[in-house]
C-alpha cells in the first residue's frame, strides 16, 4: 500500500521536477562532450554552474537570497556552499579582469613603480590586506593568483613561489579578519 502512495506522489511530477538540475547537468555535459568529441574538454564547473542556475530558477516567487539559502541547505552545509559561490564569483571577476587587460596593466604598473626587491613582500601584504578586508581567503586567492602568475612570467620568478606568497598572505589576513567566514 505504501508503494502505491509513493508512486502516485511521484507521478504528480513534483518529485521528479526536483531532480531536473541533475538531469540538466548530465545532459549538458554529455551533449557538449559528444558534440565536441572529447569528454575532457567540457569543464565540469561550467555544467555545474548552469545546473545550479537552473536549480535557482525553480521558485521564482521567492527572493534570490531565499533561493540561494534553500539551494545551499539542500545541497550541503550552507557555509561550505557560500565559500563555493565566493570562489565562482571571484573566478568570474578574475576572468573579467584578465579579459579587459587589467591584470597586465596592474603588473606593468607594479613593475614600473616598485623596486624588484619589494615585489614579493608587496604581494604578500596586498594579499593580507585584501583578505582581511573581505574576510575570505578563497576569494583573495582566486582574485590575486592570476596577477601572481603574470608577475612571475614577467619577472622570471618561480610561479609556485609567488602563488605560495598569495596563499600565505590570504590565509594570514583571513585569520586576522573580524568578518572572516572561518574565524
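Numbering (our numbering), first residue to last: 1091 to 1273. Idealized CB from N, CA, C, for every residue including glycine. Source: prediction; values computed, not measured.
On a CA-only basis, which of the options is nearest residue i? Give me that one, please.
{"i": "residue 1220", "options": "1256, 1127, 1172", "result": "1256"}
{"i": "residue 1137", "options": "1109, 1122, 1128", "result": "1122"}
{"i": "residue 1114", "options": "1184, 1143, 1124", "result": "1143"}
{"i": "residue 1192", "options": "1241, 1120, 1127, 1112", "result": "1241"}
{"i": "residue 1274", "options": "1236, 1186, 1176", "result": "Residue 1274 cannot be examined here, being either before or after the span of the chain that is shown, 1091 to 1273."}
{"i": "residue 1217", "options": "1128, 1233, 1206, 1172", "result": "1233"}
{"i": "residue 1297", "options": "1244, 1270, 1152", "result": "Absent from the structure is residue 1297, since the part of the chain shown begins at 1091 and ends at 1273."}
{"i": "residue 1237", "options": "1224, 1222, 1212", "result": "1212"}
{"i": "residue 1226", "options": "1169, 1251, 1189", "result": "1169"}
Alpha helix (DSSP H) containing residue i: first to last residue?
{"i": "residue 1248", "result": "No alpha helix (DSSP H) contains residue 1248, which DSSP labels as neither H nor E."}
{"i": "residue 1267", "result": "Note, residue 1267: premise wrong, no alpha helix (DSSP H); not H, not E."}
{"i": "residue 1147", "result": "Residue 1147 -> no alpha helix (DSSP H), and no H or E assigned at all."}
{"i": "residue 1115", "result": "1110 to 1126"}
If we count the other Cβ atoms within 10 Å of its Cβ and call it buried at 16 or more, is residue i buried or exposed?
{"i": "residue 1342", "result": "Nothing can be reported for residue 1342: it is not among the residues displayed for the chain, which extend from 1091 to 1273."}
{"i": "residue 1155", "result": "exposed"}
{"i": "residue 1248", "result": "exposed"}
{"i": "residue 1037", "result": "This structure gives no information on residue 1037, because the portion of the chain shown stretches from 1091 to 1273."}
{"i": "residue 1120", "result": "exposed"}
{"i": "residue 1117", "result": "exposed"}
{"i": "residue 1197", "result": "buried"}
{"i": "residue 1125", "result": "exposed"}
Might you give, ordered along the chain, the residues of its own chain that have their beta carbon closer than 7 Å to the beta carbon of residue i, omitting 5 neighbours on each side?
{"i": "residue 1214", "result": "1255, 1258, 1259"}
{"i": "residue 1145", "result": "1111, 1161"}
{"i": "residue 1235", "result": "1253, 1256"}
{"i": "residue 1153", "result": "none"}
CB-CB under 8 Å to residue i, same chain, minus the five flanking residues each way: which ones, in chain order?
{"i": "residue 1178", "result": "1135, 1139"}
Only counting the same chain, and skipping five residues up and downstream in sequence, which positions put a Cβ closer than 6 Å to that of residue i?
{"i": "residue 1262", "result": "1218"}
{"i": "residue 1222", "result": "1263, 1266, 1267"}
{"i": "residue 1186", "result": "none"}
- In the region 1165 to 1195, which residue ranges form an unbroken alpha helix (DSSP H) of at least 4 residues, counting only runs that do not cross its ends? Fully contained in the region 1165 to 1195 are the following alpha helix (DSSP H) runs of length 4 or more, in chain order: 1168 to 1189.
- At which residue ranges does the region 1197 to 1241 contain complete alpha helix (DSSP H) runs of 4 or more residues, listed in the order of the chain? Those alpha helix (DSSP H) runs which fall completely within the region 1197 to 1241 and span 4+ residues are 1209 to 1224.
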